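Residue numbers (the numbering used here): 336 to 396. The beta-carbon is built from N, C-alpha and C at its ideal position, and this holds for glycine as well. It should be emphasised that the depicted structure is a prediction, and the values quoted were computed from it without experimental measurement. Input: a single structure, listed below in structure tokens.
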Amino acid sequence: MTRFHFKCRDVGYECSYEVDQPQAKDMMPSIRIHMKYAHQIWTMPQDLEDKISAAIKEIQV
Ligand SMILES: [Zn+2]
Numbered sequence: 336m337t338r339f340h341f342k343c344r345d346v347g348y349e350c351s352y353e354v355d356q357p358q359a360k361d362m363m364p365s366i367r368i369h370m371k372y373a374h375q376i377w378t379m380p381q382d383l384e385d386k387i388s389a390a391i392k393e394i395q396v
């Protein structure tokens with residue numbers, strides 16, 4: 336089975352947020368909500384979204 340994992344630290348924030356989802360399509364919505372409430376990023380810039388996509392890791396469990 337594959338899961339997708341993201342650590343906020345990996346895109347440069349001093350932040351302990353991590354998210355783990357079974358499907359890639361569920362990652363970005365969770366991360367967007369976190370970015371809004373934790374980092375006041377109301378509209379995600381494309382370069383940040385690209386950085387986040389690159390930092391999402393696919394892991395075998
Ligand atoms: Zn964060």
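Excluding sequence positions up to five away, which residues of its chain have a Cβ less than 6 Å from the Cβ of residue i?
{"i": "K392", "result": "H340"}
{"i": "I394", "result": "R338, H340"}
With which residues is residue i paired in a DSSP beta bridge?
{"i": "Q408", "result": "Because the chain is modelled from 336 through 396, residue 408 falls outside the range shown and cannot be assessed."}
{"i": "E353", "result": "K342"}
{"i": "K392", "result": "H340"}
Is the beta carbon of residue i sitting closer than 8 Å to the one on residue j?
{"i": "R338", "j": "D361", "result": "no"}
{"i": "K371", "j": "W377", "result": "yes"}
Among residues of its own chain, excluding the 5 on either side of residue i, which ones have a beta-carbon nearer than 7 Å to its beta-carbon?
{"i": "C350", "result": "C343, R344, A373"}
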